[in-house]
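Q:
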Amino acid sequence: MMNSLMQSIGFAPLLPLWLLAVLGVAGVLLCAWSLYNGARGALLRLAALASLLFWLAGPQHLRESWHSLPQTALMLVDQSPSMSIGQRAAIARQAADALAHMQVDGLNIRTITVRQNGHDGTRLFEALDQAAADIPPDQLAGAMMVTDGQVADVPANLPDRLRPRTATGEQTTLPLHVVLTAKGEETDRKLQILEAPPYAIAGQPAHLRVLAEDSGPNTHTGTPAELTLRVNGEEPVVIPVVTGTPQDISIPVARPGQMLISLSVSPLEGEVSQLNNQSITHIMGIRDRLRVLLISGTPNQGERVWRRLLKADPAVDLIHFTILRPPEKDDGTPLSDLALIAFPVKELFQDKINQFDLIILDGFENRSILPHSYLENIANFVRRGGGLLLTAGPEFVGSGSLQETPVGDVLPAHVPLETGMVEHQFRPRLTAQGRQHPVTAALSGAPDANVPDSTTTVAGAWGPWYRALKPDSTHGEVLMSGPDAAPLLVLDRVDQGRVALLLSDQIWLWSRGEGGGGPQAELLRRISHWLMKEPELEEEQLAASITDNVLTVTRHSISTEATPPDVTLTAPSGTHTTLHLHAAPQDGSQTATLPANETGIWQITDGAHTAYAAPVQSDIREMTDLRATATKLAPMAQQSGGGVFWLGAPGHLAIPTIRMAESTTLHGADWLAFPQRGAHIVTGKSAEPLLPTWSMLLLSLTFLFAGWWREGRN
Numbered sequence: 001m002m003n004s005l006m007q008s009i010g011f012a013p014l015l016p017l018w019l020l021a022v023l024g025v026a027g028v029l030l031c032a033w034s035l036y037n038g039a040r041g042a043l044l045r046l047a048a049l050a051s052l053l054f055w056l057a058g059p060q061h062l063r064e065s066w067h068s069l070p071q072t073a074l075m076l077v078d079q080s081p082s083m084s085i086g087q088r089a090a091i092a093r094q095a096a097d098a099l100a101h102m103q104v105d106g107l108n109i110r111t112i113t114v115r116q117n118g119h120d121g122t123r124l125f126e127a128l129d130q131a132a133a134d135i136p137p138d139q140l141a142g143a144m145m146v147t148d149g150q151v152a153d154v155p156a157n158l159p160d161r162l163r164p165r166t167a168t169g170e171q172t173t174l175p176l177h178v179v180l181t182a183k184g185e186e187t188d189r190k191l192q193i194l195e196a197p198p199y200a201i202a203g204q205p206a207h208l209r210v211l212a213e214d215s216g217p218n219t220h221t222g223t224p225a226e227l228t229l230r231v232n233g234e235e236p237v238v239i240p241v242v243t244g245t246p247q248d249i250s251i252p253v254a255r256p257g258q259m260l261i262s263l264s265v266s267p268l269e270g271e272v273s274q275l276n277n278q279s280i281t282h283i284m285g286i287r288d289r290l291r292v293l294l295i296s297g298t299p300n301q302g303e304r305v306w307r308r309l310l311k312a313d314p315a316v317d318l319i320h321f322t323i324l325r326p327p328e329k330d331d332g333t334p335l336s337d338l339a340l341i342a343f344p345v346k347e348l349f350q351d352k353i354n355q356f357d358l359i360i361l362d363g364f365e366n367r368s369i370l371p372h373s374y375l376e377n378i379a380n381f382v383r384r385g386g387g388l389l390l391t392a393g394p395e396f397v398g399s400g401s402l403q404e405t406p407v408g409d410v411l412p413a414h415v416p417l418e419t420g421m422v423e424h425q426f427r428p429r430l431t432a433q434g435r436q437h438p439v440t441a442a443l444s445g446a447p448d449a450n451v452p453d454s455t456t457t458v459a460g461a462w463g464p465w466y467r468a469l470k471p472d473s474t475h476g477e478v479l480m481s482g483p484d485a486a487p488l489l490v491l492d493r494v495d496q497g498r499v500a501l502l503l504s505d506q507i508w509l510w511s512r513g514e515g516g517g518g519p520q521a522e523l524l525r526r527i528s529h530w531l532m533k534e535p536e537l538e539e540e541q542l543a544a545s546i547t548d549n550v551l552t553v554t555r556h557s558i559s560t561e562a563t564p565p566d567v568t569l570t571a572p573s574g575t576h577t578t579l580h581l582h583a584a585p586q587d588g589s590q591t592a593t594l595p596a597n598e599t600g601i602w603q604i605t606d607g608a609h610t611a612y613a614a615p616v617q618s619d620i621r622e623m624t625d626l627r628a629t630a631t632k633l634a635p636m637a638q639q640s641g642g643g644v645f646w647l648g649a650p651g652h653l654a655i656p657t658i659r660m661a662e663s664t665t666l667h668g669a670d671w672l673a674f675p676q677r678g679a680h681i682v683t684g685k686s687a688e689p690l691l692p693t694w695s696m697l698l699l700s701l702t703f704l705f706a707g708w709w710r711e712g713r714n
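The sequence shown begins at 1 in UniProt numbering and counts up one residue at a time.
In structure tokens:
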């Protein structure tokens with residue numbers, strides 16, 4: 001800050017300006033009239049009048065005292081994730097500390113540290129705009145950026161903050177100096193996944209497109225490289241590629257469920273880092289359109305529930321038949337008059353049965369409709385991996401009961417024919433196993449065990465049913481109970497397939513809102529998806545995820561084992577770790593955590609199940625290019641008149657010195673400068689007459705007497 005004095009000329013008129021103007025015009029006119037008539041001394045009299053008017057205008061000698069205001073230079077220090085490469089962050093901190101402590105008269109340096117900004121990369125210019133908003137425009141001297149050059153928000157033109165207008169309205173340019181945390185331009189090879197489908201159909205290949213690309217000095221496209229692909233930690237596959245050319249890859253999708261695909265490209269000699277030589281993508285394997293065969297016995301209230309549920313799912317192809325006319329019915333009606341389609345027994349249960357994923361028998365009573373061999377085909381369909389869902393009512397304890405056929409061999413319950421029917425009000429409840437099983441654990445409004453069956457409506461409880469079957473034996477998993485705590489919903493695995501048995505035909509009452517209704521659509525949907533082996537509904541699950549470099553393992557089980565088994569972790573480097581799980585009895589899950597600092601696919605197994613996990617890159621844009629480079633910021637520095645400086649290696653940093661500019665040049669080989677903006681504040685003003693009054697009167701009288709003398713010479 002420096003005190004200064006500024007002098008200038010001003011006026012403080014003794015008469016109104018309009019009166020001075022009238023007197024001046026009158027004097028000029030009289031002078032002109034005198035000259036026109038040949039009078040001598042007219043000009044001298046005009047000079048006398050002009051000197052008098054000048055004195056009446058009040059000429060003053062003005063003096064202003066003011067002192068200079070300090071200027072502020074912004075220093076933006078990049079501490080984003082890309083600065084973790086090598087020793088960039090330490091170099092940036094050391095250089096910033098040295099620059100901030102340089103003493104330059106009239107210049108303050110304000111330091112702003114810029115860290116990660118979501119998923120948008122390093123945004124130094126956004127930080128520059130926000131910081132400069134707090135500085136008066138005439139006190140901003142310019143900016144410095146201490147960075148690796150990987151900046152995501154470089155504008156096309158110099159920011160307005162660095163192009164302020166002066167007090168006179170002229171636009172000026174402030175320098176942007178770039179200080180880079182390396183010895184010079186670096187090279188890097190990166191791998192990009194250009195296309196990757198989030199979903200793929202099981203049994204068909206998924207198609208990926210990847211690109212390996214080299215950047216930096218002395219790099220060329222078309223360089224041979226090797227791409228290593230690994231799916232869910234399996235044996236790697238090596239594929240030859242060339243840099244700069246997109247590569248299409250076909251990956252088989254063996255089964256539904258999540259696939260973790262790890263891709264890595266061979267390193268480039270001398271590249272700065274191999275962190276971006278690899279990438280991981282997730283593909284969810286899904287089934288193709290599911291084919292469901294729904295066979296209803298005699299028309300019943302539940303048919304509409306099934307059709308509405310299955311037709312609402314666009315991924316389901318539904319084939320539905322209702323047995324309207326059993327074979328034993330013979331009323332003499334000619335076949336030509338029947339508007340009914342003959343039941344295609346052979347086509348469904350022999351020729352095309354293996355094309356279905358799920359068979360639903362809703363109140364189906366055989367009545368000799370299906371011969372023994374076709375019923376055997378249904379049982380074999382289940383054993384080979386198919387799903388069977390059966391809802392049972394009175395027909396199940398009749399003479400045509402399916403439990404007395406080969407289908408009964410795969411059913412998880414047996415109901416006595418004479419005493420198996422129970423008809424009175426009850427509320428379906430979840431069993432202890434049902435409260436942990438993924439099929440039913442998430443169902444809303446499950447009634448409390450203390451709610452009596454006789455209660456007609458209970459807030460938050462499921463509505464009542466009025467008829468169910470009471471089995472005398474079951475095997476499998478009982479998820480719901482009915483009257484007298486008898487099994488109501490039983491799930492079971494048969495060889496490679498699955499069976500679900502609902503021992504009541506009145507679930508349709510929930511869709512009508514009986515007693516408050518219940519989650520019939522969600523329950524049936526979950527049962528159907530469990531039968532079709534939806535991974536998320538498996539009762540024994542092992543899952544893993546990595547967030548913020550922490551691996552979380554979760555095992556869900558409905559078993560009653562006292563001590564959860566340990567799991568074995570295999571890191572991407574191949575090292576093995578045993579992890580002990582901690583039980584959470586309330587939901588049947590066991591969890592454990594472990595730091596996961598390695599990049600790649602982690603494999604977790606408990607001996608029976610295997611899960612995979614991979615870290616999610618927090619800022620993909622930030623880690624795409626890892627070079628220290630001037631290519632992005634050098635044009636901005638050039639537009640502003642600033643310089644680009646390479647700091648070099650730790651221990652031998654070439655830190656430029658800071659000075660105030662003495663010319664239009666704002667940088668040199670080892671120095672950078674900021675211009676003098678001339679910002680100041682006025683501390684005082686004073687005014688004195690430019691000439692003494694007596695001198696002005698003497699001058700006017702001199703001109704007047706000279707004019708009189710000139711006129712008297714005639």
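The beta-carbon is built from N, C-alpha and C at its ideal position, and this holds for glycine as well. Given the structure is predicted, the values throughout are model-derived calculations rather than measurements.
1. Ignore the nearest five residues each way along the sequence and tell me which others in Leu15's own chain have a CB closer than 7 Å to its CB.
2. Am I right that Leu691 and Pro175 are in contact with their C-beta atoms under 8 Å? What's the rounded C-beta distance?
3. Where Ile9 and Glu688 are concerned, what is the direct C-alpha to C-alpha distance, given to the nearest angstrom?
4. Taking 8 Å as the threshold, find out whether the segment 128-138 comes into contact with the segment 154-166 through three or more Cβ pairs.
5. If we ignore side chains and look at the alpha-carbon of each, how far apart do Gly58 and Pro13 end up?
6. Do the segment 23-38 and the segment 669-679 touch if we need at least three Cβ pairs shorter than 8 Å?
7. Keeping to the same chain, check which residues put their C-beta closer than 8 Å to that of Leu124; ignore five residues upstream and five downstream.
8. Starting from His576, trace the beta strand (DSSP E) both ways and give me its first and last residue.
9. Can you name, in chain order, every residue of its own chain whose Cβ lies under 6 Å from the Cβ of Gly434, other than the five neighbours on each side?
10. If you follow the alpha helix (DSSP H) that Met636 is in, where does it begin and where does it stop?
11. Can you list the alpha helix (DSSP H) stretches of 4 or more residues lying completely in the segment 75-101, in chain order?
12. Put Asn276 into one of helix, strand or coil per three-state DSSP.
13. Tell me the rounded alpha-carbon separation between Lys183 and Ala649.
14. Roughly how many whole angstroms lie between the Cα atoms of Gln247 and Met102?
15. Under a Cβ-count criterion, where at least 16 other Cβ atoms within 10 Å of its own Cβ denotes burial, should Ala206 be classed as buried or exposed?
16. Let me know the secondary structure DSSP gives Val415 once reduced to three states.
17. Apart from the five residues just before and just after Leu390, which ones in its own chain have a Cβ nearer than 6 Å to its Cβ?
18. Just to confirm my understanding: we take Pro236, look at its own chain, exclude 5 residues before and 5 after, and list those with CB closer than 6 Å. What are they?
19. Report the rounded CA-to-CA distance for Leu469 versus Asp606, giving the unit in angstroms.
20. Could you tell me the boundaries of the alpha helix (DSSP H) in which residue 732 lies?
21. Under three-state DSSP, which class holds Leu489?
22. Got a sec? Which residues, its chain only, sit under 7 Å from Gln258 by beta carbon, not counting five neighbours each side?
23. Could you tell me which uninterrupted beta strand (DSSP E) segments, each at least 3 residues in length, are contained entirely in the segment 183-214, listed from first to last along the chain?
24. Grab the span of the beta strand (DSSP E) containing Ser296 for me, first residue to last.
25. What does the alpha-carbon distance come out to for the pair Ala196 and Val553?
26. Suppose you measure from the CA of Val397 to the CA of Met421; what does that come to, to the nearest Å?
27. Could you pull out every residue in the same chain whose Cβ sits closer than 8 Å to the Cβ of Pro595, ignoring the five residues on either side in sequence?
28. Determine, using beta carbons only, whether Ala630 and Val238 come nearer to each other than 8 Å.
29. Do Leu310 and Ile249 have their beta-carbon atoms positioned less than 8 Å apart in this structure?
30. What is the rounded straight-line gap between the Cα of Pro535 and the Cα of Tyr199?
31. Using 8 Å as the threshold, is the C-beta distance between Ser603 and Thr570 below it?
32. Quick check on His567: buried or exposed, where buried means 16 or more other Cβ atoms within 10 Å of its Cβ?
33. Would you list, in sequence order, the uninterrupted beta strand (DSSP E) runs of no fewer than 3 residues that lie entirely inside the segment 212-273?
34. Helix, strand or coil for residue 737? Go by DSSP, reduced to three states.
35. Go to Glu477, then tell me how far its beta strand (DSSP E) extends in each direction, as first and last residue.
36. Using DSSP bridges, identify the partner residues of Trp465.
A: Once the coordinates are examined:
1. Excluding sequence neighbours, Leu15 sits near Leu56.
2. Their Cβ separation, rounded to whole angstroms, is 47 Å, which puts Leu691 and Pro175 out of contact at 8 Å.
3. Rounded to whole angstroms, Ile9 to Glu688 spans 10 Å at the Cα level.
4. With three or more CB-CB distances shorter than 8 Å, the segment 128-138 counts as touching the segment 154-166.
5. Gly58 and Pro13: Cα-Cα distance of roughly 5 Å.
6. Judged by Cβ distances under 8 Å, the segment 23-38 makes no contact with the segment 669-679, as fewer than three pairs qualify.
7. Excluding its 5 nearest sequence neighbours in each direction, Leu124 has C-beta neighbours in its own chain below 8 Å: Leu76, Asp78, Val114, Met145, Thr147, Val151, Asp153, listed in chain order.
8. Per DSSP, His576 is one residue of the beta strand (DSSP E) stretching across 576-579.
9. Around Gly434: Thr440, Leu479, Met480.
10. 634-640 is the extent of the alpha helix (DSSP H) around Met636.
11. List check, alpha helix (DSSP H) in window: 88-100.
12. Under the three-state reduction of DSSP output, Asn276 falls in the helix class.
13. Distance between the alpha carbons of Lys183 and Ala649 is about 6 Å.
14. Looking at the two C-alpha atoms, the distance is approximately 52 Å.
15. Within a 10 Å sphere around the beta-carbon of Ala206 sit 16 or more other beta-carbons, which makes this residue buried.
16. For Val415, the secondary structure class from DSSP, reduced to helix, strand or coil, is coil.
17. Result list for Leu390: Leu361, Leu501, in chain order.
18. Once the five neighbours on either side are set aside, the close Cβ partners of Pro236 are Thr228, Arg230.
19. Approximately 39 Å, taken between the alpha carbons.
20. The structure shown does not extend to residue 732, since the chain is modelled only from 1 to 714, so the question has no answer here.
21. Three-state DSSP puts Leu489 in a strand.
22. Excluding residues within five positions, the ones whose Cβ falls inside 7 Å are His282, Met284.
23. If we require 3 residues or more, the beta strand (DSSP E) runs fully inside the segment 183-214 come out as 188-195, 199-201.
24. Boundaries of the beta strand (DSSP E) around Ser296: 290-296.
25. The alpha-carbon atoms of Ala196 and Val553 are separated by roughly 26 Å.
26. Taking the straight line from one Cα to the other gives about 8 Å.
27. These residues qualify, in order along the chain: Asn549, Val550, Leu551.
28. Taking 8 Å as the Cβ cut-off, Ala630 and Val238 do not qualify as a contacting pair.
29. Not a contact, by the Cβ cut-off of 8 Å.
30. If you take the alpha carbons of Pro535 and Tyr199, they lie about 15 Å apart.
31. The question names Ser, yet the displayed sequence has Gln at residue 603. Yes; because the gap between Cβ atoms is below 8 Å, this pair is in contact.
32. Per the sequence shown, residue 567 should be read as Val rather than His. Result: buried.
33. Runs of beta strand (DSSP E) with 3 or more residues, each lying fully within the segment 212-273, are found at 224-231, 237-242, 247-252, 257-265, listed in chain order.
34. Outside the displayed range of the chain (1 to 714) lies residue 737, so it cannot be described from this structure.
35. Segment 477-481, the beta strand (DSSP E) holding Glu477.
36. In the DSSP output, where bridge partners are listed per residue, Trp465 has Phe426.
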